[in-house]
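Chains as they are written, first to last, in my numbering: chain P, 3 to 155; chain C, 2 to 69.
Even for Gly, the Cβ is constructed at its ideal location relative to N, Cα and C.
On a predicted model such as this, the values are computed, not experimentally measured, just so you know.
Let me begin by presenting the structure, written as structure tokens, before commenting on it.
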Amino acid sequence: MTTTTNFTSTRFGEVAYTDADIVTLEGGLLGFPASTSYLILAHKEGSPFRWLQSLEEPGLAFLVVDPAHFVDGYAPLLGDEAAQALGLSEDTPRLVYTIVTIPNGRPEEMTINLAGPIVINGVTRVARQLVIEDPNCAIKHRVLENKSKRLAA
Amino acid sequence: MLVLTRKVNQSIIIGDDVEVVVLEVRGEQVRLGIRAPKDVTVHRKEIYEQIQEENRQAAKTRTEDVPE
């Protein structure tokens, strides 16, 4: 029997979750070391966007998206150290998300951070923000330049 | 802060298993070699700070600005 816990998010109000839903970001996100437990919430039905909602700070949530939705062939190199920390072997299922930044009121200036992807072990739900030192992986990668504002689903 | 003077090919040891070697000094640039266990991450400080700053910006993203 799984126990459901209720949590009140500043953005999304009451959210019910079970322990199995929790993503554990070891060390937190860079700049946010105090938050290590997150939920992945859908933005809207049919939307490619998700929210990483902190369980420690109700007001803290990050918009994320599967980078494959915007970028072809993005495969951040997972170092030995990160693979070990995440408990990932070659065939472990994993999720990769990039954090989305939208300046207030200017959605057309949306960027995704290809230099700091979040990799989640799909089995243990242990996660980490990687640091990718590759000039092709921009911290602010504009995604709407060649697309209309309305995203294809 | 501990301050040490080193010459090319000399190194410092941090803890038991992290070694930083001065490989080359050319004008204002210093090339360093770092030998560390696999479970130690080494990155340039600037990229860490830039990602921290980007995360802070990202945390301000509002739900009403997310495209449909």
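Strictly under 8 Å for the Cβ-Cβ distance: is Val133(P) near chain C by that measure?
yes
Round the Cβ separation of Pro119(P) and Pro69(P) to the nearest angstrom and send it over; I've been treating them as touching at under 8 Å.
About 7 Å; that satisfies the 8 Å criterion.
Shorter than 8 Å from the beta carbon of Gln53(C) to some beta carbon of chain P?
yes
Using the Cα positions of Pro109(P) and Thr126(P), report the straight-line distance between them to the nearest angstrom.
34 Å
Go ahead and label Ser45(P) buried or exposed: buried means 16 or more other beta carbons lie within 10 angstroms of its beta carbon, across all protein chains shown.
Here residue 45(P) turns out to be His, not Ser, going by the sequence shown. Under this definition His45(P) is a buried residue.
Please confirm whether Lys151(P) has its beta-carbon closer than 8 Å to some beta-carbon of chain C.
No answer about Lys151(P) holds up, because its pLDDT of 47 lies below 50 and its placement is not dependable.
In terms of residues, what are the limits of the beta strand (DSSP E) holding Glu20(C)?
Taken as a continuous stretch (DSSP letters only), the beta strand (DSSP E) holding Glu20(C) covers 19-27.
How would you label Glu55(C), buried or exposed, when you count the other beta carbons within 10 angstroms and need 16 or more for buried?
buried
Less than 8 Å between the beta carbons of Glu58(P) and Ala36(P), yes or no?
yes
Identify the continuous beta strand (DSSP E) that holds Arg57(C) and give its terminal residues.
Looking at the DSSP string, Arg57(C) is not in any beta strand (DSSP E); the run it does join, the alpha helix (DSSP H), is 46-59.
Thr62(C) and Ile114(P): beta carbons closer than 8 Å?
Contact: no.
Could you tell me which of Asp66(C), Ile48(C), Arg7(C) sits nearest to Ala140(P), measuring between CA atoms?
Ile48(C)
Kindly indicate the opening and closing residues of the beta strand (DSSP E) around Gln55(P).
51-56
Indicate the three-state DSSP secondary structure (helix, strand or coil) for Asp30(C) in the structure shown.
According to the sequence as given, residue 30(C) is Gln; it is not Asp. Three-state result, Gln30(C): strand.
List the whole-angstrom C-beta distance separating Val9(C) from Glu25(C), where the pair is believed to meet the contact cut-off of C-beta under 8 Å.
Sure, about 6 Å apart at Cβ, within 8 Å.
Give a yes or no on whether 8 Å exceeds the smallest Cβ distance from Lys46(C) to chain P.
Residue-level contact check: Lys46(C) does not touch chain P, since none of the beta carbons of chain P fall below 8 Å from its beta carbon.
When the cut-off is 8 Å and only beta carbons count, does Asp18(C) lie next to chain P?
no
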